[in-house]
Ligand SMILES: Cc1cc2nc3c(=O)[nH]c(=O)nc-3n(C[C@H](O)[C@H](O)[C@H](O)COP(=O)(O)OP(=O)(O)OC[C@H]3O[C@@H](n4cnc5c(N)ncnc54)[C@H](O)[C@@H]3O)c2cc1C
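Numbering (our numbering), first residue to last: 163 to 439.
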């Protein structure tokens, strides 16, 4: 049952879910799935899209932003947009979850799974976790961050978070509070691509993308840290569309950040990634 809906930004909401009194067995970084067929309000739209696409609409994946030691399960959903001549179909589920989900509503979720988790022996592999995220890519990283701050006291964190504008930043207050309560263990750096003067938002807010200059400054130990990289990446639909046009898909956040991480010397085996393509 939806216990609360927290509006994080104009297009993003956190759904806090009450699942009964049992502690749920999941790992920080796991996702759950939500099947659009359960929503009567979407029936006609789902049928129409299935007719156009010629196949059933699959369940959508949503990472938990809650951490296993917390009382409630929570997911954060960013509404996808239909952009004429850019996106092929209007998005099905995320607009309903973000804009039309209310307290008290029942939801069937399945889970929990996913490879984007910390290894059990993480503290023998590193003392520095670098989070590199964009948009809703912060969701599993915030779960991992909260879990690790609680359970792995020897780990330090650098949380690098890219968004278009300051108003797009999800978990702004949560991240700021965690940084204040763990001054020696957490540094949060925001990087904004579409703000003329990002510095007005504070000393830890930069203008631009996650590039080699920023990573060189924030990762003094490229061969010793572990990176958790999450955000939009090239999707199979992007690949298919590019193939049809005889082109190659444009790099998105994951591909661009990966190239920069490699350029500053982080070995591939030290970069864990999850793409929301
Ligand atoms: C592991 C994982 C974790 C995720 N976690 C989160 C999270 O924490 N928060 C979050 O907000 N999102 C998350 N996502 C993304 C999420 O699962 C959905 O993809 C997103 O919410 C969009 O779903 P939708 O139903 O609104 O849009 P969709 O209906 O899936 O449409 C999305 C885009 O795909 C295109 N598309 C769809 N079907 C086709 C087709 N057959 N051919 C061509 N193009 C097509 C549409 O045109 C549109 O541009 C995650 C994804 C993954 C894989």
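Here a beta-carbon is modelled for each residue, glycine too, at the ideal position from N, C-alpha and C. Here the structure is a predicted model, which means the values were calculated and not measured.
Notebook entry, point to check: Does DSSP put residue 229 in a helix, a strand or coil?
Noted result: coil
Check: Can you list, in chain order, the residues of its chain whose CB lies under 6 Å from that of residue 168, leaving out five sequence neighbours each side?
Finding: 176
Check: Is residue 305 near residue 190, with beta carbons less than 8 Å apart?
Finding: yes
Item checked: Proximity winner among 215, 387, 259, 291, relative to residue 236 (alpha-carbon distances) -> 259
Note to self: Check whether the stretch 303 to 321 and the stretch 332 to 343 are in contact - that is, three or more C-beta pairs closer than 8 Å.
What the structure shows: yes
Next item on the list: Tell me whether the beta-carbon of residue 241 lies closer than 8 Å to the beta-carbon of residue 256.
Entry: yes
Next item on the list: Collect the residues with a C-beta less than 5 Å away from any heavy atom of ligand 1 and give them in sequence order along the chain.
Entry: 193, 215, 222, 223, 224, 225, 239, 240, 242, 249, 250, 251, 253, 254, 255, 256, 298, 301, 399, 438
Note to self: Here's the rule I'm using: 16 or more other beta-carbon atoms within 10 Å means buried, otherwise exposed. How should residue 142 be labelled?
What the structure shows: Given a span of 163 to 439 for the chain in the structure shown, any question on residue 142 remains unanswerable.
Next item on the list: Run the proximity test for residue 266: is its beta-carbon closer than 7 Å to any non-hydrogen atom belonging to ligand 3?
Entry: Looking for ligand 3 in the displayed structure turns up nothing; the ligands present are ligand 1.
Note to self: Using a 10 Å radius around the Cβ and a threshold of 16 neighbouring Cβ atoms, would you call residue 331 buried or exposed?
What the structure shows: buried
Check: Does DSSP classify residue 335 as helix, strand or coil?
Finding: helix
Next item on the list: Provide the residue(s) that pair with residue 240 in DSSP beta bridges, ordered along the chain.
Entry: 174
Notebook entry, point to check: Are the beta-carbon atoms belonging to residue 198 and residue 254 less than 8 Å from one another?
Noted result: yes
Item checked: CB-CB length for residue 193 against residue 226, believed under 8 Å -> 7 Å
Check: Cα separation between residue 281 and residue 210?
Finding: 43 Å
Check: Is the stretch 381 to 398 in contact with the stretch 362 to 371, if contact means three or more CB pairs nearer than 8 Å?
Finding: no
Next item on the list: Rank 405, 411, 355, 291 by C-alpha distance to the C-alpha of residue 326 and give the top, closest one.
Entry: 355
Checklist line | Pick from 290, 403, 213 that is closest to residue 388, judged by C-alpha positions | finding: 290
Next item on the list: Output the distance between the C-alpha atoms of residue 295 and residue 248, rounded to the nearest integer angstrom.
Entry: 23 Å
Check: Mapping DSSP to helix, strand and coil, what is residue 437?
Finding: strand
Next item on the list: Below 8 Å on the Cβ atoms is my guess for residue 391 versus residue 420; work out the distance and round it to an integer in Å.
Entry: 7 Å
Check: If we ignore side chains and look at the alpha-carbon of each, how far apart do residue 238 and residue 298 end up?
Finding: 7 Å
Next item on the list: For residue 357, collect the residues of the same chain with a Cβ closer than 7 Å to its Cβ; drop the 5 residues on either side in sequence, then sort them by chain order.
Entry: 327, 328, 369
Checklist line | Cβ-based neighbour list, residue 165, same chain, cut-off 8 Å, excluding 5 preceding and 5 following | finding: 178, 179, 180, 234, 265
Next item on the list: Would you kindly work out how many angstroms separate the C-alpha atoms of residue 376 and residue 196, rounded to a whole number?
Entry: 36 Å
Notebook entry, point to check: From residue 245 to residue 203, what distance separates their C-alpha atoms?
Noted result: 23 Å
Notebook entry, point to check: What's the gap between the Cα of residue 309 and the Cα of residue 293?
Noted result: 13 Å
Next item on the list: Check whether the Cβ of residue 267 lies closer than 8 Å to any Cβ atom in chain D.
Entry: Protein chain content of the structure displayed is limited to a single chain, and chain D is not contained in it.
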